[in-house]
Amino acid sequence: MIITIALRFIPTMLDEAKRIMKAQSSRGIDFKNGHFNEKTTAFTTLVIPLFVSSFAKAEDLSNAMETRGYDPYGKRTKYRELKFKFLDFVILFALLLLFTFVIVNMFNPGGYLPSW
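Mapping of the sequence shown onto the numbering used here: position 41 corresponds to residue 37, and the numbering continues sequentially without gaps.
Written out as C-alpha cells, the structure reads:
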C-alpha cells in the first residue's frame, strides 16, 4: 500500500513542480541559465514549496485514512450482503398497510373506518 501511494504522488508532484516553476519564473527566477550558485538558489525556491505542498497533501491523506478507520494492523473487514428475513417482510407489510390507511384518510377528511 505504501508503494502504491508513493507512486500515486509522482504525477501530482511533477504537476506541482511545473506550477511552482511557472510561478517562480514569473517572479524573475531563471532555472536554466546562470552560475552554479544561482541555479542552486533557484532550485531551493522550487524544492521548499514542493516539500511543503507534499507534506500538506500527505497529512490530508493520513487524516482521511484515519477518519475512515484505516488500521494497518487490524483484521480485514468483509463485505456482507444483507438478506430479507421474515421479520423484515412483516414490518414492510405493516408499513405498507399504515401508508395505505394514511393515504385513504387524506382524501376522506371525515375519517374512514371500515365497517366489516
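The beta-carbon is built from N, C-alpha and C at its ideal position, and this holds for glycine as well.
Given the structure is predicted, the values throughout are model-derived calculations rather than measurements.
I think E12 touches L57, with their Cβ atoms under 8 Å apart; what is that distance to the nearest whole Å? Indexing the sequence shown from 1 puts residue 12 at position 16. Indexing the sequence shown from 1 puts residue 57 at position 61. Contact flag wrong, Cβ pair sits at about 14 Å.
CA-to-CA distance, T40 to N33, given in whole angstroms: By one-based count along the sequence shown, residue 33 stands at place 37. By one-based count along the sequence shown, residue 40 stands at place 44. Distance between the alpha carbons of N33 and T40: 10 Å.
Is the separation between the beta-carbon of S50 and that of M9 shorter than 8 Å? Looking up residue 50 in the sequence shown gives position 54. Looking up residue 9 in the sequence shown gives position 13. Yes; because the gap between Cβ atoms is below 8 Å, this pair is in contact.
Backbone CA spacing between P7 and K14 [nearest angstrom]: Counting from 1 along the sequence shown, the entry for residue 7 is found at position 11. Counting from 1 along the sequence shown, the entry for residue 14 is found at position 18. If you take the alpha carbons of P7 and K14, they lie about 11 Å apart.
Considering just the uninterrupted stretch of the alpha helix (DSSP H) at I25, what are its terminal residues? To locate residue 25, count along the sequence shown from 1; it is residue 29. Per DSSP, I25 belongs to no alpha helix (DSSP H) and is neither H nor E.
Cβ neighbour criterion (16 or more within 10 Å) applied to A2: For the purposes of this step, residue 2 is identified with residue 6 of the sequence shown, where counting begins at 1. Exposed.
Inter-residue spacing [alpha-carbon to alpha-carbon] between Q20 and A38: Looking up residue 20 in the sequence shown gives position 24. Looking up residue 38 in the sequence shown gives position 42. A straight line joining the alpha-carbon of Q20 with that of A38 spans about 8 Å.
Which two residues bound the contiguous alpha helix (DSSP H) that contains D67? Along the sequence shown, one-based indexing puts residue 67 at 71. Following the DSSP letters along the chain, one finds D67 in no alpha helix (DSSP H), marked with neither H nor E.
Comparing alpha-carbon positions, which option in R64, H31, M(-3), L42 lies nearest R23? One-based indexing of the sequence shown puts residue 23 at position 27. Nearest option by C-alpha distance: L42.
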